[in-house]
Amino acid sequence: MKVQFNSDREFDVIAIGRACIDLNAVEYNRPMEETMTFKKYVGGSPANIAIGTSKLGLKAGFIGKLANDQHGRFIEQYMRGVGVDTTNMAVDTEGHKTGLAFTEIKSPEECSILMYRDEVADLYLQPSEVNEDYIKKAKVLLVSGTALAKSPSREAVLKAIHLAKKHDVKVVFELDYRGYTWASPEETSVYYSLVAEQADVVVGTRDEFDVMENVAEGNNSETINHLFKYSPELVVIKHGVEGSYAYSKSGETFRGDAYLTKVLKTFGAGDSYASAFLYALITGKDIETALKFGSASAAIVVSKHSSSEAMPTVSEIEQLIAERSEKAEQTV
Ligand SMILES: Nc1ncnc2c1ncn2[C@@H]1O[C@H](COP(=O)(O)OP(=O)(O)O)[C@@H](O)[C@H]1O
Ligand SMILES: O=C(O)C[C@@H](O)[C@H](O)C(=O)COP(=O)(O)O
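Taking the UniProt record's numbering, the leading residue of the sequence shown gets 1, the next gets one more, and so forth.
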């Protein structure tokens with residue numbers, strides 16, 4: 001099975017949401033209290049995905065709002081430098097700040113993120129800063145769930161989705177749940193459901209779908225039975241190192257195994273997975289291959305220090321897939 005996209009569009013992917021800063025512990029395998037130095041990278045899930053798809057050779061653009069300071073300028077320069085179109089990144093004029101994510105790497109399995117996201121510029125994106133002429137140039141609008149957490153960013157994203165549907169741009173919804181940005185689980189569930197029901201493709205972890213459904217331990221069949229009554233044609237549910245599943249509206253189920261690797265830290269997996277999965281879909285590969293691309297890309301990024309800078313190239317992904325399938329053949 002393949003997903004069809006409009007071929008006559010200038011941009012493969014336009015992502016909307018936050019572009020922020022990750023400060024990753026340089027001395028890792030210890031608690032953050034003992035970490036004295038942090039390395040700066042561009043971060044924020046949709047920015048990571050725009051960077052990841054651009055590094056894979058897609059034409060990516062970004063809609064978001066940056067702080068009018070050194071951090072905002074660093075983010076814009078970095079994203080432009082890796083080929084992301086930044087012409088639709090607005091600059092805040094009201095003194096709002098860049099979101100910061102300090103990452104703690106206690107061990108490869110035990111990682112956490114300490115986020116500074118009060119009054120962040122990205123959540124002040126205005127609907128008037130979402131441009132119809134820009135959106136209609138895209139094959140895919142990639143929506144990050146966190147951008148729905150507060151107004152006016154929430155309305156800006158809803159406007160972007162409306163315009164995407166008007167111009168036959170596929171809406172890919174990455175649930176990207178960050179609890180502390182939301183007022184209550186009920187509120188998250190309302191907006192996640194609203195957007196997921198309108199999206200063409202929905203991607204998230206099993207835990208994130210539970211948040212969307214406001215349930216404790218949901219199951220994949222109930223999730224897809226519900227979503228396939230609405231717009232989605234493809235639903236991807238990730239189960240961490242246990243792998244991921246893609247379900248199509250036409251009734252097929254595909255499973256993608258994770259590629260085991262020497263893990264440095266666990267964050268970055270989701271964004272690298274989304275970048276390569278999208279790359280494969282947009283370049284006409286089938287779902288099985290897209291799952292392999294997503295998993296291989298994630299395996300590469302979890303073995304490195306950053307999320308954005310570590311995003312792999314197509315040949316690195318293909319090499320990992322080829323090595324692992326050779327190994328699997330030898331063990332049969
Ligand atoms: N420790 C790991 N080693 C190798 N691959 C991993 C690991 N953790 C996750 N992955 C890959 O990344 C994908 C997404 O990971 P997951 O943890 O579900 O997402 P998120 O980072 O969004 O929470 C998984 O489906 C798997 O292919
Ligand atoms: O999304 C953020 O604001 C932080 C990210 O930049 C950070 O690199 C991260 O947590 C990525 O994790 P993922 O969701 O597992 O890809």
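The beta-carbon is built from N, C-alpha and C at its ideal position, and this holds for glycine as well. Since this is a predicted model, take the numbers as computed values, not measurements.
Beta-carbon separation (whole angstroms), residue i vs residue j, contact threshold 8 Å
i	j	result
A298	A322	Not quite, the Cβ-Cβ distance comes to about 17 Å (not below 8 Å), so this is no contact.
I287	V140	With a Cβ gap of about 16 Å, I287 and V140 do not count as contacting.
L260	P108	No, L260 and P108 are not in contact; Cβ-Cβ is about 12 Å, not under 8 Å.
Y279	T53	6 Å
K39	H226	Actually they are not in contact, since the Cβ atoms of K39 and H226 sit about 42 Å apart, beyond 8 Å.
G218	Y177	Rounded, the Cβ-Cβ distance is 13 Å, inconsistent with contact.
Residue i CB to nearest heavy atom of ligand 2 below 7 Å
i	result
N48	yes
F267	yes
S193	no
R73	no
S153	no
I113	yes
R18	yes
D207	no
residue 333	In this structure the chain extends from 1 to 332, so residue 333 is not present and cannot be described.
G43	yes
D122	no
8 Å Cβ cutoff met for residue i and residue j
i	j	result
I49	A147	no
C20	T98	yes
residue 398	S128	Outside the modelled stretch of the chain, which goes from 1 to 332, sits residue 398, for which no answer is possible.
L175	M212	yes
K65	A149	no
residue 345	V236	Missing from the structure shown is residue 345; the chain here goes from 1 to 332 and no further.
P232	A274	no
T188	K238	no
V82	K55	yes
F173	V195	yes
E10	K137	yes
V143	V157	yes
S307	K262	no
K2	G284	yes
I317	A290	no
M79	A47	yes
Y134	I14	yes
N68	T93	yes
N29	I113	no
G294	F277	yes
G57	V314	yes
Heavy atom of ligand 1 within 7 Å of residue i beta-carbon
i	result
S295	yes
T223	no
V202	no
L278	no
S244	yes
K238	yes
Y259	yes
A299	yes
V84	no
V157	no
Residue i - partner residues in DSSP beta bridges
i	result
G270	Answer is none; G270 lacks a bridge partner.
N24	K39, T103
M311	According to DSSP, M311 bridges with nothing at all.
S244	K238, G256
E174	S144, V203
K97	V120
Y63	The amino acid at residue 63 is misidentified as Tyr; the sequence shows Ile. DSSP, once it has assigned bridges, lists I16 as partnering I63.
A183	For A183, which the question treats as bridged, DSSP gives no partner whatsoever.
D114	It is worth fixing the name first, because residue 114 is Leu in this sequence and not Asp. L114 is bridged to F102.
V91	L66
A138	F11
Outcome for residue i when other beta-carbon atoms lying within 10 angstroms are tallied against a minimum of 16
i	result
L163	buried
residue 341	Residue 341 cannot be examined here, being either before or after the span of the chain that is shown, 1 to 332.
T266	buried
E309	buried
R255	exposed
N24	buried
E208	buried
L234	buried
D118	exposed
D85	buried
S7	exposed
A328	exposed
K159	buried
E76	buried
S325	exposed
G72	buried
D22	buried
G61	buried
P185	exposed
K170	buried
Min CB distance residue i to chain D below 8 Å
i	result
H162	Considering every chain present, this structure includes no chain D. It has just one protein chain.
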